[in-house]
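**Q**
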Amino acid sequence: MSARRFDVAVIGGGMVGAASAILLLQEGFSVALVEGREPATFDESNAVGLRVSALSPGSQSILEASGAWRIIAGRRHCPYRRMQVEESAEGDSAMLEFAAAEFGLERLGTIVENDSVSDALWQVLKARQVAGDPLELYCPAKLERFEAGSESVSLTLDSGDQLTASLVVGADGPRSAVRGFAGIEQQTWHYGQKGIVAVVQGARPNPGVAWQRFMEGGPLAFLPLSDGASSIVWTRPAAEAERLLALDDDAFCEALSEAGEAFAGEIGATGPRASFDLTMRLSEQYAAPRVALVGDAAHVVHPLAGQGVNMGFLDAAALVEVLAGARSQQSEWHDSATLDRALKRYGRWRRSDAELMGRGIHGIRALFTPSVLGPIRRLGLKLVGKSWMAREAFVHRAAGIHADAPALARR
Ligand SMILES: Cc1cc2nc3c(=O)[nH]c(=O)nc-3n(C[C@H](O)[C@H](O)[C@H](O)COP(=O)(O)OP(=O)(O)OC[C@H]3O[C@@H](n4cnc5c(N)ncnc54)[C@H](O)[C@@H]3O)c2cc1C
């Protein structure tokens, strides 16, 4: 059986891989998308999913350009215009507040269910395939191995399919097989913490505010949902998280009320709960000969800043911008020297941005460990709160519209 030939093989059709495939097609590249699982579907008559993301304005622009946002926007979602970050203990408290209008933004972000984003992206992919775009969807199928040669990469899938491509994009998540085959090392930090997620209803409906309280042991976030409920991410040391997960609903609501009552009032109801081990992973490189990494395959960050998938969408847009730029200067964009230059540019660009964000989040997390004195932390928050420049820099970077963001994000 002869191997089918593509410009790009994207491995992993999660949110970032699916978005990458669409942006590549829009630039005229032929694409094979390989995904190991049936993609998520979304049904609005089901309860709100446990996995939601705070999507930045930059991610929204990228998803608008992909054609997926109009599907997402027609379903339940919750834009938020205000964000509050607070820390209080020992009778002292400090609060940072951000309002979208202050920074000339229409919104600070939008809370969307991950399944809604995935399903919308896959709808766009399938429609483009029907319309005759050069796209092949290998799903469910897993990458088994690949060999990078000087002219192309040969890939073998567990379905028995053989493909060749000029470039392989690893969008295959934290345990990326592509990263492993390419021999790219990662630094990994295990925080010994878990993030508990649940949909909860407080006595006071969420007024459309993303609220986060820093406490010793980890932060607690209430993210607004369109019906006044909140999606929480509650970071606790692993053993305590296990204890909280094992409580019955009433006892869990009582424990959560103690931590979050200041914002939501008494928590009256909770849906099912789940938890995730929290780690930070930063790859030493984001590119190797004929290989690029995007999304969680390249970097995993603590969810306290809600940046993981937002960073992944920026990777996708940056990679396609660099490849399209290389092709506009040199039609033989896939020869080794031209592609190598483009991939190095992509790697430098996105790695420095993601390192800044990842290490910044790591530093904020470290500030809230018991060894750092509460009064010093609160003084720091108060100083940042008083500096408009620091707040503006923070908001623009979190919004994905900073000067160094890809053009699609800054539209
Ligand atoms: C509690 C929590 C809250 C979060 N909140 C936010 C938030 O508010 N905002 C935000 O931006 N981020 C948030 N994140 C992070 C975000 O969820 C991730 O960054 C994002 O899901 C990563 O998407 P991805 O497409 O890169 O990877 P994944 O979602 O891991 O997708 C990888 C895909 O690759 C497929 N795959 C793997 N191996 C193979 C193979 N060999 N062959 C074929 N396919 C393969 C998998 O089946 C999967 O579909 C949060 C994370 C956690 C844990």
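My numbering numbers the first residue of the sequence shown as 66 and each following residue consecutively. Backbone N, C-alpha and C define an ideal beta-carbon position, used for all residues, glycine too. Note that the structure is a prediction, hence the values are computed from the model and not measured.
For GLN227, does the count of other Cβ atoms within 10 angstroms reach 16, so buried, or fall short, so exposed?
**A** exposed
**Q** On the three-state DSSP scale, how would you describe LEU358?
**A** Strand at LEU358.
**Q** Restricting to runs no shorter than 4 residues, where is the alpha helix (DSSP H) found entirely within the segment 71 to 131?
**A** 80 to 91 and 122 to 131
**Q** Less than 8 Å between the beta carbons of ALA352 and LYS409, yes or no?
**A** yes
**Q** Per DSSP, which residues does PHE287 bridge with? Please list them.
**A** TRP276 and ILE297
**Q** Does the beta carbon of ILE76 fall short of 7 Å from some heavy atom of ligand 1?
**A** It does: the Cβ of ILE76 is within 7 Å (strictly closer) of some heavy atom of ligand 1.
**Q** How is the beta strand (DSSP E) around VAL177 delimited, first residue to last?
**A** 174 to 178
**Q** Reducing DSSP to helix, strand and coil, say where ILE466 ends up.
**A** coil
**Q** Check whether the Cβ atoms of ARG147 and PHE163 sit closer than 8 Å, and answer yes or no.
**A** yes
**Q** As a quick exercise: from VAL73, HIS367, PRO302 and ASN271, pick the residue whose alpha carbon is nearest that of LEU232.
**A** VAL73
**Q** Can you give me the C-alpha to C-alpha distance between GLY225 and GLY101, rounded to a whole angstrom?
**A** 13 Å
**Q** Quick one: using the 10 Å Cβ neighbour count with 16 as the cut-off for buried, is HIS461 buried or exposed?
**A** buried
**Q** Report yes if the CB atom of LEU90 is closer than 8 Å to the CB atom of SER241, and no otherwise.
**A** no
**Q** Could you check how far apart the C-beta atoms of ALA362 and VAL243 are, in whole angstroms? I think they sit under 8 Å.
**A** 6 Å
**Q** With distances taken between CB atoms, is the gap from ILE426 to HIS367 smaller than 8 Å?
**A** The answer is yes: Cβ separation under 8 Å.
**Q** Going by the CB atoms, is the gap between ARG193 and LEU186 shorter than 8 Å?
**A** Contact flag unset, no.
**Q** Got a sec: does ligand 1 put a non-hydrogen atom nearer than 7 Å to the Cβ of SER401?
**A** no
**Q** For a test of the three-state rule: what should DSSP assign to ARG413, helix, strand or coil?
**A** helix
**Q** Note down the Cα distance separating GLY360 from ALA470, rounded to an integer number of angstroms.
**A** 15 Å
**Q** Counting pairs of Cβ atoms below 8 Å between the segment 396 to 412 and the segment 317 to 334, do you hit three or more?
**A** no
**Q** Decide yes or no for the touch test of the segment 374 to 385 against the segment 265 to 282: beta carbon pairs closer than 8 Å, at least 3 of them.
**A** no
**Q** Is there at least one non-hydrogen atom of ligand 1 closer than 7 Å to the beta-carbon of ASP237?
**A** For ASP237, the distance from the CB to the nearest heavy atom of ligand 1 is below 7 Å.
**Q** Can you give me the start and stop residues for the beta strand (DSSP E) that GLY260 sits inside?
**A** 251 to 267
**Q** Express the C-alpha separation of LEU173 and SER482 in angstroms, rounding to a whole number.
**A** The shown model of the chain, from 66 to 476, leaves out residue 482, and the question about it has no answer.
**Q** So, with DSSP's three-state summary, where would you put ASP380?
**A** helix
**Q** Pull up the distance between the alpha-carbon of CYS318 and that of ALA306, whole angstroms please.
**A** 14 Å
**Q** Just to confirm the assignment, what range does the beta strand (DSSP E) spanning SER348 have?
**A** 339 to 348
**Q** Pick from LEU290, ARG346 and PHE71: whose alpha carbon is nearest that of TRP254?
**A** ARG346
**Q** Leaving out five residues before and five after GLU129 in sequence, what residues of the same chain have Cβ atoms less than 8 Å from its Cβ?
**A** ARG135 and ARG476
**Q** Would DSSP call GLY423 helix, strand or coil?
**A** Helix.
**Q** Grab the span of the alpha helix (DSSP H) containing PHE168 for me, first residue to last.
**A** No alpha helix (DSSP H) contains PHE168, which DSSP labels as neither H nor E.
**Q** With respect to the alpha helix (DSSP H) encompassing LEU309, which residues constitute its N-terminal and C-terminal limits?
**A** 303 to 311
**Q** I'd like to confirm the pairing. Which residues does DSSP put opposite THR221 in its beta bridges?
**A** ARG210 and GLN227
**Q** Should ALA304 be listed as close to ligand 1, given that the test is whether its C-beta is under 7 Å from any heavy atom?
**A** no
**Q** Mind checking which residues open and close the beta strand (DSSP E) that includes GLY333?
**A** 332 to 335
**Q** Output yes or no for whether 8 Å exceeds the beta carbon distance between HIS142 and SER348.
**A** no
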